[in-house]
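Below is one structure, written out as structure tokens; comments come after it.
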């Protein structure tokens with residue numbers, strides 16, 4: 002899920018009001034500049050962004066939108082926003098829920114629309130023109146955010162309503178909306194002095210520039226540092242399809258007759274699993290690890306240091322000891338101590354498990370008279386050999402059963418139909434921004450239209466790494482909107498005419514991201530502030546992780562795991578091995594994840610005067626202090642290409658995945674104990690949790706679903722850490738439904 006840059010702006014139309022009210026001094030100047038420029042004037046003529054789309058569900062008219070449309074649409078959106086916000090703040094009437102809170106929820110239509118479309122495409126299909134607009138607009142939008150959050154008269158109205166909220170006879174969702182607005186404003190600096198507000202504005206503008214620069218540097222170096230191989234004999238171990246895909250990638254990059262392996266955003270790279278040539282494996286790993294930290298235009302070390310310094314200074318200005326304390330206050334974890342305790346308890350057994358796995362691989366290396374000690378570039382290759390020996394199968398044996406179309410239609414969609422009664426119809430009449438993108442109309446259990454789903458699964462240079470979900474249109478009863486939701490993966494595209502065969506990890510990722518999509522599509526809230534995935538960062542991964550369970554659920558797996566040539570189902574003995582192997586290599590997976598998580602916390606728990614001058618030195622010390630400096634298992638992301646932490650989004654929040662996994666593992670057990678894949682279970686999950694978005698305290702939603710507090714035992718069992726971490730006693734009382742409250 003990934004959704005890092007200006008996340009709230011992308012979440013809801015009305016939250017654009019909070020993030021982008023036009024500055025009285027800046028927006029008119031921008032509009033004047035636009036009107037003075039012939040090119041800008043032309044871009045305002047028939048600009049499709051200026052009007053709500055006439056397509057079904059207000060689906061974006063991708064075929065009509067041009068690069069030059071964005072900047073003037075942004076500028077006009079800011080001006081329009083000012084006109085909508087000003088009378089709310091200056092209203093001479095006494096503040097009421099309707100004339101202030103609801104009025105704010107209804108503002109920002111144009112700015113919200115252009116922001117969602119632009120930032121979604123800036124991640125999924127960028128180009129130099131979009132990158133330029135992104136660089137120009139990031140500080141402006143940060144300034145707009147400050148203009149509204151630091152608007153004294155507007156905050157005074159919100160504060161008055163907040164103080165009287167218990168007397169206003171509001172329904173629960175409306176009352177919670179008041180509480181969230183008040184908290185958002187306070188956390189954004191609404192109570193600061195005028196002098197401190199001025200400081201905060203400068204910090205936010207610079208941070209927006211830095212986060213954009215970091216993200217663009219990561220993408221540029223990822224694309225530039227692909228591994229080129231000129232000798233085909235070095236590719237021994239790869240399948241024919243993988244070799245053909247590498248040849249096609251090289252040809253597309255004007256390196257015909259060679260083989261190109263584009264880098265993925267993670268430290269580990271797919272080819273390392275199969276390549277027999279150890280020198281080539283080492284080269285790939287070393288290039289991956291060195292990204293954005295070896296000089297040149299895309300070096301992110303100074304960007305990191307300045308970002309950390311500014312975030313720490315901003316936190317102190319707002320009354321917090323550091324950035325992590327500020328971020329965690331508004332999450333279900335609530336505070337640094339809780340997160341540190343969890344990570345400190347998980348790290349030692351995770352590393353111990355990884356070392357046991359390494360010992361098994363070293364035995365294999367020694368048996369083959371390799372004459373070397375296991376290194377990071379060997380792990381994927383030898384763990385695959387161990388897995389083959391232990392479970393008698395390899396990825397090349399199972400991939401023919403995971404053809405992408407079967408996985409999507411007969412797996413992902415099938416499970417959703419069985420669980421929720423929804424159905425899908427592919428639409429070929431809706432425009433797309435890239436030929437590989439597919440669109441589907443989603444129908445609810447009563448056969449009424451529910452949403453549009455956009456499937457964008459293939460990797461390309463214009464796309465950022467990883468996998469994520471985003472929303473082009475957010476559901477809202479207040480505004481009468483139904484959702485348009487997109488999923489993005491980075492699956493290597495095979496040569497023309499060849500099937501797309503997935504690894505089981507890629508299959509699981511498809512199910513995961515569709516879990517986010519369901520969260521957005523099932524949203525049934527009144528106010529756009531609460532739509533879809535507008536929940537705490539350490540809760541948002543939970544529903545999507547639950548949806549992963551269906552990837553290996555026998556009924557579902559048997560339905561989609563069919564050989565792409567023969568149509569025959571995966572043999573039971575192979576299926577059993579796939580399921581048995583799910584717990585394999587968990588020491589590695591947990592350790593590489595925890596190493597990145599601990600880096601995220603180490604950087605963001607610094608006070609301003611503790612920020613170092615040596616990025617890589619600090620990283621090494623932090624990993625050592627945390628007990629995860631195990632060289633065969635480097636962090637999933639090193640600091641300089643850790644976009645989750647330094648391009649926005651997940652700063653001080655990468656722990657969210659393991660935090661959410663406790664809720665996920667517990668919920669999987671709930672499904673198993675209550676009959677598994679049934680409509681009754683799906684309807685209950687949807688009604689109590691998926692449909693509620695952020696309209697209620699997150700942990701209260703979990704309690705509404707399960708009827709109790711979370712249990713950690715299922716997570717420990719899944720991760721192979723049984724008994725390693727003392728589990729708290731399960732309680733039966735629901736947590737108080739106050740914003741940001743946690744149960745740990």
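Residue numbers (this note's numbering): 2 to 745. Glycine included, every Cβ here is placed at the ideal spot set by N, Cα and C. Just so it is clear, the structure is predicted and the values come from calculations on it, not from any experiment.
- Spanning the alpha carbons of residue 674 and residue 707 requires a straight line of approximately 11 Å.
- Beyond the five residues adjoining it in sequence on each side, residue 155 comes within less than 6 Å, by CB distance, of 90 in the same chain, given in chain order.
- Straight across, the Cα-Cα distance linking residue 587 with residue 663 is about 15 Å.
- Between residue 142 and residue 208, the CB-CB gap reaches or exceeds 7 Å.
- Counting only the Cα atoms, residue 93 lies some 47 Å from residue 658.
- Under DSSP, residue 102 takes part in no beta bridge, so it has no partner.
- Taken through DSSP and simplified to helix, strand or coil, residue 470 comes out as strand.
- In the three-state reduction of the DSSP assignment, residue 554 falls in the coil class, being assigned neither a helical nor a strand state.
- Distance check between residue 577 and each of 558, 515, 589 places 558 closest, using alpha-carbon atoms only.
- Among the bridge pairs identified by DSSP, residue 616 is matched with none.
- For residue 571, same chain residues with a beta-carbon under 8 Å away, outside a window of 5 residues either side, are 399, 402, 558, 559, 562, 563, 564, 579 in chain order.
- Membership of residue 539 in the alpha helix (DSSP H) is indicated by the continuous run 538–548.
- Burial state of residue 534 is buried, judged by a 10 Å Cβ sphere holding 16 or more other Cβ atoms.
- A Cβ-Cβ separation of about 11 Å leaves residue 305 out of contact with residue 644 under the 8 Å criterion.
- Around the C-beta of residue 293, 16 or more other C-beta atoms lie within 10 Å, and the residue is accordingly described as buried.
- Under the criterion of beta carbons closer than 8 Å, residue 132 and residue 217 qualify as touching, at roughly 6 Å.
- Judged by their CB atoms, residue 526 and residue 694 are nearer to each other than the 7 Å cut-off.
- Listed as beta-bridge partners of residue 662 by DSSP are no residues whatsoever.
- Residue 343 is positioned such that its CB atom lies no closer than 7 Å to that of residue 362.
- The beta carbon of residue 716 is closer than 7 Å to those of 662, 663, 666 in its chain, skipping five residues each way along the sequence.
- Looking at the backbone, the Cα of residue 317 and that of residue 224 are separated by about 37 Å.
- Taking the Cα positions, residue 550 is about 25 Å away from residue 346.
- Of 112, 234, 677, the smallest CA-CA separation from residue 555 is found for 677.
- Taking the C-beta atoms as reference points, residue 456 is found no nearer than 7 Å to residue 491.
- By the CB criterion at 7 Å, residue 161 and residue 62 fall outside the cutoff.
- Around the beta carbon of residue 668, 16 or more other beta carbons lie within 10 angstroms, which makes this residue buried.
- Taking the Cα of residue 470 as reference, the smallest distance to any Cα among 450, 479, 521, 235 is reached at 521.
- Counting the other CB atoms within 10 Å of its CB gives residue 268 a total of 16 or more, which places it among the buried residues.
- Burial is judged here by how many other beta carbons sit within 10 angstroms of a residue's own beta carbon; residue 126 has at least 16 and is buried.
- Between residue 540 and the set 415, 641, 99, 690, the nearest pair of CA atoms involves 690.
- Assignment of beta-bridge partners to residue 486 by DSSP yields 454, 472.
- Closest in alpha carbon position to residue 111, among 102, 85, 121, 101, is 85.
- For residue 256, no beta strand (DSSP E) run applies, since DSSP gives it neither H nor E.
- In terms of Cα proximity to residue 166, the closest of 538, 182, 152, 114 is 182.
- Ranked by Cα distance from residue 198, the options 483, 238, 149 are led by 149.
- Beta-bridge annotation (DSSP): residue 496 is not paired with any residue.
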